[in-house]
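K.L.:
Residues in the sequence shown are numbered from 113 upward in steps of one, following the working numbering. Yeah, the Cβ is synthetic: ideal placement off N, Cα and C, and Gly gets one too.
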Amino acid sequence: MAMKKRGRRLVRKKPQRSRDCQWVKLCPPKKRKCPPKRKKRLRFRKPKRVIRFPKRVVRRWQGQLRLLERRILQRALFILRAELARLRQELLDLLNARYQALREQLLPFLNQNVEVTTRYGTVQGVLVSVGNDYLEIREASGNIVLIPFENFVSISRI
């Protein structure tokens with residue numbers, strides 16, 4: 113501290129204060145210690161007070177939740193069934209389109225004697241009908257033979 117002479121005695125000089133409340137000239141400004149930064153807690157904090165509802169309220173809410181779950185599941189089931197039906201129809205359309213050209217080529221052979229060669233052998237008879245994915249042939253013995261297009265190799269008139 114600075115001392116000032118006044119007569120025979122030394123008198124302490126009062127420090128002057130600036131506008132921001134720090135001591136001027138005499139005392140160095142005090143450094144404030146910053147509080148340490150808190151680490152963020154990543155775990156769940158327990159509630160201070162647990163709220164307990166009456167049993168009748170809990171039962172009513174449970175019943176409403178069950179109804180809501182049932183409605184959600186029914187709606188999901190309905191959507192899945194509709195999607196499955198759409199996919200089945202699309203598959204049938206693809207199969208029909210796949211064999212459409214073959215069907216058109218086989219229609220002139222209807223009600224005529226033909227010889228059909230398959231992977232497993234030959235069949236002779238009258239071509240009775242052409243289905244979406246099969247041939248129907250009546251043999252001389254009267255038996256009707258169904259040949260899928262997948263096993264069909266060639267056809268010729270007899």
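Which residues does DSSP list as the beta-bridge partners of V257?
P.N.:
Here the question's residue 257 lines up with position 145 in the sequence shown. In the DSSP output, where bridge partners are listed per residue, V257 has I249.
K.L.:
By the DSSP assignment, the alpha helix (DSSP H) with F190 in it spans what residues?
P.N.:
Taking the first residue of the sequence shown as position 1, residue 190 is located at position 78. Start and end: K167 to L218.
K.L.:
For the beta strand (DSSP E) that contains I270, what are its first and last residues?
P.N.:
The residue labelled residue 270 in the question sits at position 158 within the sequence shown. No beta strand (DSSP E) contains I270, which DSSP labels as neither H nor E.
K.L.:
Is it true that the CB of E227 sits closer than 9 Å to the CB of I256?
P.N.:
Counting from 1 along the sequence shown, the entry for residue 256 is found at position 144. Counting from 1 along the sequence shown, the entry for residue 227 is found at position 115. No, Cβ-Cβ distance for I256 and E227 is not below 9 Å.
K.L.:
Which residue marks the beginning of the beta strand (DSSP E) containing L239, and which one marks its end?
P.N.:
Numbered from its first residue, the sequence shown carries residue 239 at position 127. Taken as a continuous stretch (DSSP letters only), the beta strand (DSSP E) holding L239 covers G233 to V242.
K.L.:
For Y211, does the count of other Cβ atoms within 10 angstroms reach 16, so buried, or fall short, so exposed?
P.N.:
To locate residue 211, count along the sequence shown from 1; it is residue 99. Taking all protein chains shown into account, Y211 has 16 or more neighbouring C-beta atoms within 10 Å of its C-beta and is therefore buried.
K.L.:
How long is the line joining the alpha carbons of V238 and D205, rounded to whole angstroms?
P.N.:
As a first step, residue 238 must be located in the sequence shown, where it is residue number 126. As a first step, residue 205 must be located in the sequence shown, where it is residue number 93. Roughly 28 Å separates the two Cα atoms.
K.L.:
Locate the beta strand (DSSP E) running through N223, then write down its first and last residues.
P.N.:
Taking the sequence shown and counting its residues from 1, the one referred to as residue 223 is at position 111. Counting along the chain, N223 falls outside any beta strand (DSSP E), and DSSP gives it neither H nor E.
K.L.:
Does the distance from the C-beta atom of L207 to that of N244 stay below 9 Å?
P.N.:
Reading the sequence shown from its first residue, position 95 is the one you call residue 207. Reading the sequence shown from its first residue, position 132 is the one you call residue 244. Cβ atoms of L207 and N244: closer than 9 Å.
K.L.:
Going by DSSP, which residues form a beta bridge with V228?
P.N.:
The residue given as residue 228 occupies position 116 in the sequence shown. According to DSSP, V228 bridges with V235 and I267.
K.L.:
Would you please state the rounded distance, in angstroms, between the beta carbons of V235 and L218? I believe it to be under 8 Å.
P.N.:
Counting from one through the sequence shown, the residue named residue 235 turns up at place 123. Counting from one through the sequence shown, the residue named residue 218 turns up at place 106. 14 Å between Cβ atoms; not a contact.
K.L.:
Let me confirm a value: I249 is counted as buried when at least 16 other C-beta atoms fall within 10 Å, else exposed. Which label applies?
P.N.:
The sequence position of residue 249 within the sequence shown is 137, counting from 1. Counting Cβ neighbours within 10 Å, I249 comes out buried, since at least 16 surround it.
K.L.:
Please identify the residue among S253, G254, A252 and L247 whose C-alpha is closest to the C-alpha of F261.
P.N.:
Counting from one through the sequence shown, the residue named residue 261 turns up at place 149. Residue L247 is the option with its Cα nearest to F261.
K.L.:
Alpha carbon to alpha carbon, how far is Q186 from R193?
P.N.:
Taking the first residue of the sequence shown as 1, we reach residue 186 at position 74. Taking the first residue of the sequence shown as 1, we reach residue 193 at position 81. Cα to Cα, Q186 sits roughly 10 Å from R193.
K.L.:
Have a look at L189 and E195 and give me their C-alpha separation to the nearest angstrom.
P.N.:
Stepping through the sequence shown from its first residue, residue 189 is reached at position 77. Stepping through the sequence shown from its first residue, residue 195 is reached at position 83. Taking the CA atoms as reference points, L189 sits about 10 Å from E195.
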